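Undergrad:
Protein chains: 2
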Amino acid sequence: MTATTETPAPAGASYEPTDRTVPSRSRERARYDRETVHAILDQGYVCHLGFVRDGAPVVLPTLYGRIGETLYLHGSTGSRPLLAAGRTDPGLPVCVTVTHVDGLVLARSAFHHSLNYRSVVVHGTARQVTDEDERRRALDALVDQVVPGRSADSRPASAKELAATAVIRLDLAEVSAKVRTGGPNDDPEDLDLPYWSGVVPVAPAYGAPVPAADLAPGIAAPAYLAEL
Amino acid sequence: MTATTETPAPAGASYEPTDRTVPSRSRERARYDRETVHAILDQGYVCHLGFVRDGAPVVLPTLYGRIGETLYLHGSTGSRPLLAAGRTDPGLPVCVTVTHVDGLVLARSAFHHSLNYRSVVVHGTARQVTDEDERRRALDALVDQVVPGRSADSRPASAKELAATAVIRLDLAEVSAKVRTGGPNDDPEDLDLPYWSGVVPVAPAYGAPVPAADLAPGIAAPAYLAEL
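Chain order of the listed sequences is A and B.
The opening position of the first sequence corresponds to residue 1 in full-length UniProt numbering, with each subsequent residue numbered one higher.
The opening position of the second sequence corresponds to residue 1 in full-length UniProt numbering, with each subsequent residue numbered one higher.
Here it is, written out as structure tokens:
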């Protein structure tokens, strides 16, 4: 885990499995190679951030951005997990999970119904980012994670906005992916049952951009929106 | 919180806010009415289940089914959280979160970029379901949550399959929703900046069903798939 935020991971390198990144079931679906993990992370922009508050788990959806081997999350300086990441030395233990659903898997048997999906689970310690340059790069990455190219086509954050925003970072070190693909795995004795069986593909679909009601005339939707 | 799994919630009833269901920011987006919460839950089938293991948070994607005021989750009897829910008296403290992304909100300023989304966060204690009738109903609900009507059109679980499946339940008691809708909230002084601003709608799209390679001839895709 020597990669920095500026250095691409060596090709073919994998994350080292640990006790908590080896799943207790469906181990054949686990992946540890960086290429798979990065591809799953890069296709999304919403993660589910888990942390512990007063001994109980909390899971909140939030945006993320990836730069190299670091995930960045942000929020108001008043938000609870961000405060905790700053207050707690040496940081806030978190689990960040990103999930894409690719298909509904309908088997003949109710039991073998499943989903095709790709997910990444990152365990680690989130720490507040205080370096101003890193904070700016992180906030750009968060915007570009949602719409690639957008950060360069918007007004950069002002000093006041930067001061109101907390940024936390989580190193990609204890990481696993889980991937299910393919059709249903029915038992051989069920194959002739009179139930349809197969996969219904699922993917996010982006609609035509809706301009803001107060958009100044003559500003067309940018070309990068067509890439979504 | 007197509703049972068999009784619809009284119309207009709301969940009682608690310390941990009142967000620390964007409170105007919080919702506590059952109608909103149920609608968000019923539109999805994947949740992110958070629990604490060895003092650290764990967040895993998994399927759920709702029956009345109860969420059901399932897994192999060997899976860690399911084991913990059975072992721990009086159950496993969990947080279950369901999130739908409805739109990418592009503001003139990087700072005001956002998402339109609807999410539900449920705090509580998950308990293993041991009653066989409730377990069967729960597993049907899990299948029907993904594809309404499907449980009646598949082979029911055998005794062996039931024995291999752990089911946990989580009462909808400490619950909140969070909803953002509408366009970007740019600052007035940014309205004339030369950046496109608006919303890109997002929604899951379902493709044409792909029959299993070994599907017996003459079985057409069922009509309920067209309702997805």
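Even for Gly, the Cβ is constructed at its ideal location relative to N, Cα and C.
Model, not experiment: these values are computed from the prediction.
So, does the CB of ALA205(A) fall closer than 8 Å to a CB anywhere in chain B?
TA: Position 205 of the first sequence holds residue 205(A). Chain B contact via Cβ: present.
Undergrad: Quick check: the segment 145-154 of chain B against the segment 84-100 of chain A, are there 3 or more CB pairs under 8 Å?
TA: Counting Cβ pairs under 8 Å, fewer than three are found: no touch.
Undergrad: Please decide whether HIS38(B) counts as near chain A, where near means a Cβ-Cβ distance under 8 Å.
TA: Counting from 1 along the second sequence, the entry for residue 38(B) is found at position 38. HIS38(B) does not count as touching chain A.
Undergrad: For ARG108(B), name the three-state secondary structure that DSSP assigns.
TA: Position 108 of the second sequence holds residue 108(B). Reduced to three states, the DSSP call for ARG108(B) is coil.
Undergrad: State the beta-bridge partners of GLY78(A) as determined by DSSP.
TA: Reading the first sequence from its first residue, position 78 is the one you call residue 78(A). GLY78(A) pairs with nothing; no bridge assigned.
Undergrad: Check whether the segment 102-113 of chain A touches the segment 184-201 of chain A, counting contact only when three or more Cβ pairs, one atom from each stretch, lie closer than 8 Å.
TA: These segments touch.
Undergrad: How should GLY55(B) be labelled, buried or exposed, when 16 other C-beta atoms within 10 angstroms of its C-beta is the threshold for buried?
TA: In the second sequence, the residue the question calls residue 55(B) occupies position 55. Per the 10 Å Cβ criterion, exposed.
Undergrad: Beta-carbon separation of ALA85(B) and ARG53(B) under 8 Å?
TA: On the second sequence, residue 85(B) is found 85 positions in, with the first residue counted as 1. On the second sequence, residue 53(B) is found 53 positions in, with the first residue counted as 1. Against a cut-off of 8 Å, the Cβ pair of ARG53(B) and ALA85(B) comes out as no contact.
Undergrad: Give a yes or no on whether the minimum CB-CB distance between ALA226(B) and chain A is below 8 Å.
TA: One-based indexing of the second sequence puts residue 226(B) at position 226. No, because no Cβ of chain A sits closer than 8 Å to the Cβ of ALA226(B).
Undergrad: Please classify ARG162(A): does DSSP put it in a helix, a strand, or coil?
TA: Residue 162(A) sits at position 162 when you count from the first residue of the first sequence. Note that residue 162(A) corresponds to Leu in the displayed sequence, not to Arg. LEU162(A): helix per DSSP, three-state reduction.
Undergrad: Go ahead and label THR130(B) buried or exposed: buried means 16 or more other beta carbons lie within 10 angstroms of its beta carbon, across all protein chains shown.
TA: Indexing the second sequence from 1 puts residue 130(B) at position 130. It counts as exposed.
Undergrad: For a cutoff of 8 Å on Cβ pairs, would you count MET1(A) as touching chain B?
TA: Against the first sequence, residue 1(A) aligns to sequence position 1. Any reading at MET1(A) must be qualified, since the residue scores a pLDDT of 36, below 50, and its modelled position is unreliable; no value is offered.
Undergrad: Considering only the alpha carbon of each residue, which of THR18(B), GLY75(B), GLY78(B), ARG180(B) lies closest to VAL199(B)?
TA: One-based indexing of the second sequence puts residue 199(B) at position 199. Nearest C-alpha to VAL199(B): ARG180(B).
Undergrad: With DSSP collapsed to three states, give me the class of ASP171(A).
TA: As a working note, residue 171(A) is residue 171 in the first sequence. The answer is strand: DSSP assigns ASP171(A) an E or B state.
Undergrad: Which of the three DSSP states, helix, strand or coil, is assigned to PRO217(B)?
TA: Within the second sequence, residue 217(B) is the residue found at index 217, counting from 1. Correct three-state label for PRO217(B): coil.
Undergrad: Classify HIS113(B) as helix, strand or coil using the three-state DSSP reduction.
TA: As a working mapping, residue 113(B) is identified with position 113 in the second sequence. It is coil, neither helix nor strand.
Undergrad: What in chain A is Cβ-close to THR99(B), meaning under 8 Å?
TA: Here residue 99(B) refers to the residue found at position 99 when the second sequence is read from its first residue. Correct list: VAL46, HIS48, PRO61.
Undergrad: Distance check for PRO23(B) and GLU161(B), CA to CA, integer angstroms please.
TA: For the purposes of this step, residue 161(B) is taken as residue 161 along the second sequence, with counting starting at 1. For the purposes of this step, residue 23(B) is taken as residue 23 along the second sequence, with counting starting at 1. Those two C-alpha atoms are separated by around 41 Å.
Undergrad: In the DSSP output, which residue or residues are listed as bridge partners for SER26(B)?
TA: Mapped onto the second sequence, residue 26(B) falls at position 26. Answer is none; SER26(B) lacks a bridge partner.
Undergrad: Could you tell me whether the segment 162-177 of chain A touches the segment 169-176 of chain B, where touching means 3 or more Cβ pairs closer than 8 Å?
TA: Because the criterion of three Cβ pairs below 8 Å is not met, the segment 162-177 of chain A and the segment 169-176 of chain B do not touch.
Undergrad: For a cutoff of 8 Å on Cβ pairs, would you count ALA223(B) as touching chain A?
TA: As a first step, residue 223(B) is located in the second sequence; it is residue number 223 there, counting from the start. It does not: the Cβ of ALA223(B) has no partner Cβ on chain A nearer than 8 Å.
Undergrad: At least one CB of chain A closer than 8 Å to the CB of TYR117(B): is that the case?
TA: Along the second sequence, read from residue 1 onward, the residue named residue 117(B) stands at position 117. Cβ-Cβ to chain A under 8 Å: yes for TYR117(B).
Undergrad: Who are the Cβ neighbours of ALA157(A) in its own chain at under 8 Å, not counting the five residues just before and after it?
TA: In the first sequence, the residue the question calls residue 157(A) occupies position 157. Excluding residues within five positions, the ones whose Cβ falls inside 8 Å are ARG136, LEU139, THR165.
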